[in-house]
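Residue numbers (our numbering): 41 to 127. Backbone N, C-alpha and C fix where the C-beta goes; we use that ideal spot for every residue, glycine too.
Dropping the structure here:
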């Protein structure tokens, strides 16, 4: 595997309900869609399972890679058509 990753990396789950923008080996943003609602949460990896999750996302063990354009299009759709849930 190539250890040199150019961040950000964009991933989505195949059901289109979770989209990820991986900013670094220690941080990612999740755009989550649930019915008429969406949320955007930034996570900081502080424990090993979180870092492993980011690694799995980055190296294709989980989800499907998408482009920045696809991610931005999904985010725009959420902003224009869904209600935001804040945590």
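Are residue i and residue j touching if we call contact CB-CB under 7 angstroms?
i	j	result
residue 66	residue 47	no
residue 111	residue 53	no
residue 122	residue 72	no
residue 97	residue 60	yes
Does DSSP put residue i in a helix, a strand or coil?
i	result
residue 122	coil
residue 47	coil
residue 63	strand
What's the C-alpha gap between residue i and residue j?
i	j	result
residue 57	residue 44	28 angstroms
residue 41	residue 100	Here residue 41 scores only 43 on pLDDT, less than 50, and its place in the model should not be relied on; the value that follows carries that caveat. Approximately 11 angstroms between the Cα atoms of the pair.
residue 68	residue 124	19 angstroms
residue 120	residue 74	15 angstroms
residue 91	residue 102	13 angstroms
Three or more C-beta pairs below 8 angstroms linking the stretch 106 to 115 and the stretch 82 to 90
no
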